[in-house]
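Throughout the sequence shown, residue numbering follows this note's numbering, covering 98 to 485 in sequence.
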Amino acid sequence: MAEQITNDFIAQFNSLSNSGMLEKNKELQHENRQLHRLIDDSAALLLITSADSMFEFISTRFLDYFLPQFMAFLIQPPRENSILQYCYRNIGRVSDRIDDSNYKTLHRYYAEGNTDNDFEKIKGKMGIESFTQDFLDIHPLMIFPLKGIGGIYGFSIFSDKLTGNAYTRAEIDYITHMFSVLSVMIQNDMHYKTSITDPKTGLYTYDYFINKLEETTAIVRRYKHTAGLLMIDIDLFKKFNDTWGHLAGDKVLITIASAMSAVLRKEDCLCRFGGEEFAIVIPETDSVGLTSLAERLRQTVSSSEVNVNGTRLSVTISLGACLISYSEKAEPRVLIDRADKALYFAKTSGRNCAALFPDGLLRRAAIHRGISEIEILAPLTTKEVHHG
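Structure below.
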C-alpha cells in the first residue's frame, strides 16, 4: 500500500515536472519575493525625510542586490550651479567625481525626448567625444534620469556587476520603480530646502530662523540648558554699495555667508535676517562659548576678501550677543531685542567688535540701581575698520 502511494506521488511529481508547472511555480514564488521586496523597500523609502539618508538607503539596497562595480547619483539642486555627487565603487562610498560636462551631455540627451537607458545607445547618438575619458573609464552600462515637475534634475549611473552577470529584467524593473519613488522624494526635499533658504546667500530665511529660535528656547526651558543668539551687521555696508556698486555688495553678502558658515557647527542656525544683517542661533553654549564664537566670526570675516574688477576689498562686521537662559524664560522677541541692543552698542563703540548683553544678576543689579542696559555693556573687541 505504502509502495503504491509512493509510486503515485512520484508519477504525479513527474507529470507536474514534465508539464512545466513546477518550474512555473518556482518562477511565481521568485516574482512574489521580488514584489514583496519592492513594496517593502518603497514603503521604507517613503519614511525617509533627508536627501542624504535617501541616497544612503537606496545605494545600500542596490549594492546589496546587484553588486555594481561602480554606481553614482548626480543631482543638481534648484538655484545652484554645482552638482552633488554620490559615488560608489566596489560596494563602498568613494570621493571620486565625474566631470560636470557629462551631466550636461546626459541632460541634453534626455531633454530632447530620448528614453534609452542603455549607455551604448546614448553614446551612439551623442558621439563618444561628448563624454570625458574619466567617465568612459568607469564603463557606464545604464543611465536612469531623475525627473520632477520642473524636468530632469539628476541621473543615476550603473556599471557592470562585480559578478559579471547581466542585469535581469526584474532587476531593471526594480531599479526603475525605486527611482520613480526617489525622484518624487528628492524633489520634495529640494523644494522644501529652497523654500527655507535665501536665494542669494543660501542661508536660512527669517521665517525659518524665528521657528528655530522658538524651538531652541523651548528646549532650553525644558532641559535647563543655555544657548546663544547673535545678531550681526556688516559695517558701513551702504557706503560700500555706493562706492563699489550693488553687484559688489552681493559678492560681499555671499562671501560673508560662506565665511561664517565655515566657522559654525552643523547644529548652529545661520540666517539672513534682512538686508546686510544676519542672525545665528547657537544651541548648547554658555557666555564664554558665545563670546568666543563671536570673536572667531569677527576675525574670519575681517580676513576675508572680495575681488571687484581686480581690486581686493574687505569688510568688517559688528556683533551683538545674547545668552538664552532657562532661568529668565525670555520670549524670542525679547531675546532679539537684547541682541539688537548689544549690536547697537558694538556699532556705536567703533564697529568691528562684539558686545554681550548682560544676563542674570549683573543685569538685574544694574536695573535695580537705575542703570540702563546699554550703559553696562562693554565691547569685547575693537579693531580699526578697513574697507580695502
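Cβ coordinates follow ideal geometry from the N, Cα and C atoms, glycine included.
Straight-line gap, residue i to residue j (C-alpha atoms, nearest Å)
i           : j           : result
residue 447 : residue 437 : 16 Å
residue 403 : residue 337 : 12 Å
residue 368 : residue 299 : 9 Å
residue 274 : residue 377 : 41 Å
residue 302 : residue 195 : 32 Å
residue 455 : residue 395 : 20 Å
residue 211 : residue 205 : 9 Å
residue 297 : residue 268 : 42 Å
residue 324 : residue 428 : 13 Å
residue 208 : residue 407 : 39 Å
residue 339 : residue 370 : 21 Å
residue 245 : residue 281 : 7 Å
residue 138 : residue 248 : 25 Å
residue 222 : residue 191 : 30 Å
residue 350 : residue 295 : 11 Å
residue 53  : residue 188 : Not covered by the structure: residue 53. The range shown for the chain is 98 to 485.
residue 362 : residue 441 : 26 Å
residue 134 : residue 150 : 19 Å
residue 233 : residue 341 : 46 Å
residue 235 : residue 161 : 20 Å
residue 220 : residue 193 : 22 Å
residue 375 : residue 312 : 19 Å
residue 201 : residue 157 : 27 Å
residue 62  : residue 218 : Residue 62 is absent from the model: the chain starts at 98 and stops at 485.
residue 411 : residue 159 : 48 Å
residue 131 : residue 142 : 16 Å
Assigned exposure category for residue i - 16 Cβ within 10 Å defines buried
i           : result
residue 332 : buried
residue 409 : exposed
residue 136 : exposed
residue 178 : exposed
residue 373 : buried
residue 390 : buried
residue 144 : exposed
residue 140 : exposed
residue 507 : Since the first and last residues shown for the chain are 98 and 485, residue 507 lies out of range.
residue 471 : In this prediction, residue 471 has a pLDDT of 43, which is less than 50 and means its spatial position is unreliable; nothing more can be read from the coordinates.
residue 399 : buried
residue 432 : buried
residue 146 : exposed
residue 148 : buried
residue 359 : exposed
residue 203 : buried
Which residues DSSP lists as bridging residue i, in chain order
i           : result
residue 374 : 330, 371
residue 301 : 294, 368
residue 245 : 248
residue 340 : Its beta-bridge partners do not exist; DSSP assigns none.
residue 239 : 215, 255
residue 184 : 169, 191
residue 419 : 326
residue 379 : 325
residue 405 : 408
residue 453 : 418
C-beta atoms of residue i and residue j nearer than 7 Å
i           : j           : result
residue 242 : residue 216 : no
residue 443 : residue 415 : yes
residue 449 : residue 397 : no
residue 225 : residue 197 : no
residue 292 : residue 166 : no
residue 171 : residue 252 : yes
residue 364 : residue 380 : yes
residue 155 : residue 279 : yes
residue 366 : residue 309 : yes
residue 382 : residue 453 : no
residue 52  : residue 199 : Only positions 98 to 485 of the chain appear in this structure, which leaves residue 52 out of reach.
residue 401 : residue 352 : yes
residue 435 : residue 419 : yes
residue 173 : residue 271 : no
residue 405 : residue 345 : yes
residue 169 : residue 254 : yes
Residue i CB to nearest heavy atom of the ligand GTP below 6 Å
i           : result
residue 259 : Questions concerning the ligand GTP fall outside what the structure shown contains, since it holds no ligand whatsoever.
Neighbour flag for residue i against chain C, beta carbons, 7 Å
i           : result
residue 409 : Of the protein chains in the structure, only one exists, and it is not chain C.
**Message:** Tell me whether the segment 256-265 and the segment 317-330 touch, counting them as touching only if at least three CB pairs, one residue from each stretch, are closer than 8 Å.
**Reply:** no
**Message:** Would the segment 181-193 count as touching the segment 281-288 if we require 3 or more Cβ pairs under 8 Å?
**Reply:** no
**Item:** Inter-stretch contact at 8 Å, needing at least 3 Cβ pairs: the segment 419-431 / the segment 304-319
**Value:** yes
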